[in-house]
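*Asks:* In this note's numbering, each number is its position in the sequence shown, counted from 1, plus 100. Note that CB positions come from ideal geometry on N, CA and C, so glycine has one too.
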Amino acid sequence: MRTQVAIVGAGPAGLTLGHLLHREGIDSVILEGRRREYVEARIRAGVLEHDVAALFDEAGVGERLRREGLVHTGVELQADGERHRIAFDELTGKSIVVYGQTEIVKDLIEARLASGRQLQFEVSDVTLHELESDRPRVRFGHEGAEWELECDVVAGCDGFHGVSRESIPPDVLRSFTREYPYGWLGILAAVAPSNDELVYAHHERGFALLSMRSPELSRLYLQCAPDESLEGWSDGRIWEELHTRLGMEGWELREGQILEKGVTPMRSFVAEPMQWGSLYLAGDAAHIVPPTGAKGLNLAVRDVHVLAEALAAWYRTGKRELLERYSETCLRRVWRAEHFSWWMTTTLHRGPSDDEFGLRLQQSQLRYLRSSVAAATSLAENYVGVEAA
Ligand code: APR
Ligand code: PHB
């Protein structure tokens with residue numbers, strides 16, 4: 101087997117890359133370990149930055165996103181029982197689109213199948229070879245047989261637990277990590293969202309977030325322990341805690357049937373460099389952010405946009421400059437998002453060992469966001485997506 105770009109992983113990064121390359125007339129093979137149904141059902145992020153939504157539109161996969169995506173021009177921050185709106189449109193001229201990662205993934209898989217280019221699910225034992233050469237190879241198992249795929253470059257889009265990152269020698273790869281002493285308990289509920297916009301709530305019992313997927317589906321989160329067991333969380337207890345943390349005079353949180361529950365640990369992680377030899381890492385394979393800033397999906401899409409343009413320039417002109425700058429270009433944006441996500445997280449969550457000093461700092465910062473246009477603008481421009489700083 102031979103292709104131009106071997107893509108490991110059919111999450112948002114791998115699928116978007118395959119699509120952008122196809123638009124440039126570049127062939128790729130996407131190798132995914134899981135079943136299609138699993139990939140399409142995995143509930144993850146839900147917020148697209150303005151420019152990321154525009155990118156899907158320009159790439160011809162934005163039709164359903166434009167129809168069903170919910171354009172939000174701001175979010176609300178809640179502290180001390182009061183809500184304060186951060187008006188993205190007024191502060192930055194941009195907005196965001198609420199559209200589930202599952203839906204983007206379905207749209208991209210459909211576009212891939214229509215393109216006639218290869219996407220193989222349920223592959224096993226993916227290994228990368230001769231990455232230092234310009235004829236790297238990917239070996240894998242599929243339907244009982246062993247395969248070797250020869251290519252020009254390998255795109256490691258296989259998420260945090262994938263195999264690509266480990267193919268970079270340990271003396272080259274540097275990792276930067278921060279673990280948080282909390283996680284999120286998330287639910288999907290069959291009930292109309294109780295607020296038109298997302299609500300990020302600071303509360304003495306811990307953070308809570310009101311989000312949504314559609315006019316009929318609410319997505320809600322509660323700060324919990326990183327290894328919290330769902331056993332102690334009956335539906336009744338979840339709603340009660342959500343009422344406590346999100347509650348406000350004159351506002352009612354609507355309850356509905358809980359369709360899905362899960363616990364997500366929180367971590368910050370960056371691998372440097374994002375390129376080694378013929379291997380290019382993109383998305384969660386290279387970096388993780390805690391979900392508080394809604395950056396994970398957006399970073400993944402922006403990485404592969406840079407990569408697709410660099411590969412297109414190389415195939416068109418033979419010049420490698422953009423490819424050689426790939427890691428540096430991405431890491432500038434990645435570190436901006438890492439800072440923003442860490443800052444949103446530590447401003448809004450209560451850690452088990454946080455002291456009163458930490459609480460006073462958070463309260464002061466939240467008041468500052470309410471009273472200062474400069475502070476609110478900083479949050480807004482990071483949330484809607486800034487170019488590399
Ligand atoms: N072989 C083949 N496929 C693999 C392997 C492997 N060894 N390891 C992992 N994969 C697949 C996973 O099954 C998954 O479908 O790679 C894909 C990686 O997808 P994601 O984890 O969704 O990562 P990415 O595409 O970078 O998207 C980042 O996803 O986790 C969220 O919050 C994150 O929104 C962000 C986005
Ligand atoms: C979500 O809807 O899943 C969501 C929204 C905003 C976040 C994180 C998750 O910051």
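1. Can you tell me which of Met101, Glu149, Gln357, Ser311 puts its alpha carbon nearest to the alpha carbon of Leu397?
2. Should Pro390 be listed as close to the ligand APR, given that the test is whether its C-beta is under 7 Å from any heavy atom?
3. Using the rule of at least 16 other Cβ atoms within 10 Å of the residue's Cβ for burial, across every protein chain shown, is Met366 buried or exposed?
4. Could you please give the first and the last residue of the uninterrupted alpha helix (DSSP H) stretch that includes Leu399?
5. Got a sec? Which residues, its chain only, sit under 6 Å from Gly162 by beta carbon, not counting five neighbours each side?
6. Note down the Cα distance separating Ala371 from Thr429, rounded to an integer number of angstroms.
7. How would you write the range of the alpha helix (DSSP H) that Tyr426 sits in, first residue to last?
8. Tell me whether Ser318, by its Cβ, gets closer than 7 Å to a heavy atom of the ligand PHB.
9. State the start and end residues of the unbroken beta strand (DSSP E) segment that holds Ser464.
10. Using CA atoms only, rank isn't needed, just tell me which of Gly377, Gln463, Gln462 is closest to Glu424.
11. Distance cutoff 8 Å, beta carbons only. Does Arg102 sit that close to anything in chain C?
12. Looking at the unbroken alpha helix (DSSP H) that takes in Tyr380, where does it start and where does it end?
13. Does the segment 260–280 come close enough to the segment 290–306 to have 3 or more Cβ pairs within less than 8 Å?
14. What separation, rounded to the nearest whole angstrom, lies between the Cα atoms of Ala113 and Gly458?
15. May I ask you to verify whether the segment 188–196 touches the segment 333–344, counting CB pairs closer than 8 Å and requiring at least 3?
16. Scan the segment 196–241 and note each continuous alpha helix (DSSP H) run of 4 residues or more that stays entirely inside, going in chain order.
17. For Val152, I'd like the list of residues in its chain whose CB is within less than 6 Å of its CB, leaving aside the five on either flank, ordered along the chain.
18. Nearest by alpha-carbon distance to Leu461: which of His302, Gln323, Ala412 is it?
19. Please list the terminal residues of the continuous beta strand (DSSP E) segment that includes His184.
20. To the nearest angstrom, report how far apart Val226 and Arg450 are at their CA atoms.
21. Name the residue from Pro326, Trp351, Arg319, Gln465 whose alpha carbon lies nearest to the alpha carbon of Glu360.
22. Can you name the start and end residues of the beta strand (DSSP E) that Gly256 belongs to?
*Replies:* So, from the listed chains and residues:
1. Looking at the Cα atoms, Glu149 is the closest of the given residues.
2. No, the ligand APR has no heavy atom inside 7 Å of this Cβ.
3. So Met366 ends up on the buried side.
4. Judged by DSSP secondary structure, Leu399 falls within the alpha helix (DSSP H) whose first and last residues are 396–417.
5. So the qualifying residues of the chain are Phe156.
6. Rounded to whole angstroms, Ala371 to Thr429 spans 14 Å at the Cα level.
7. Its alpha helix (DSSP H) spans residues 426–448.
8. For the ligand PHB, not one heavy atom lies less than 7 Å from the Cβ of Ser318.
9. Not the beta strand (DSSP E): Ser464 falls in the alpha helix (DSSP H), residues 456–471.
10. Nearest option by C-alpha distance: Gly377.
11. Of the chains in the structure shown, none is chain C; there is only one protein chain.
12. From DSSP, Tyr380 is part of no alpha helix (DSSP H) but of the beta strand (DSSP E) over 379–381.
13. No: fewer than three Cβ pairs fall under 8 Å.
14. In a straight line, the C-alpha of Ala113 is about 37 Å away from that of Gly458.
15. Too few Cβ pairs lie closer than 8 Å, so no.
16. For the segment 196–241, whole alpha helix (DSSP H) runs of length 4 or above, ordered along the chain, are 201–215.
17. Excluding residues within five positions, the ones whose Cβ falls inside 6 Å are Asn398, Val401.
18. Nearest of His302, Gln323, Ala412 to Leu461, Cα basis: His302.
19. Where His184 is concerned, the enclosing beta strand (DSSP E) stretches over 182–187.
20. Cα to Cα, Val226 sits roughly 41 Å from Arg450.
21. Of the candidates Pro326, Trp351, Arg319, Gln465, Arg319 places its Cα closest to the Cα of Glu360.
22. Counting along the chain, Gly256 sits inside the beta strand (DSSP E) bounded by residues 253–256.
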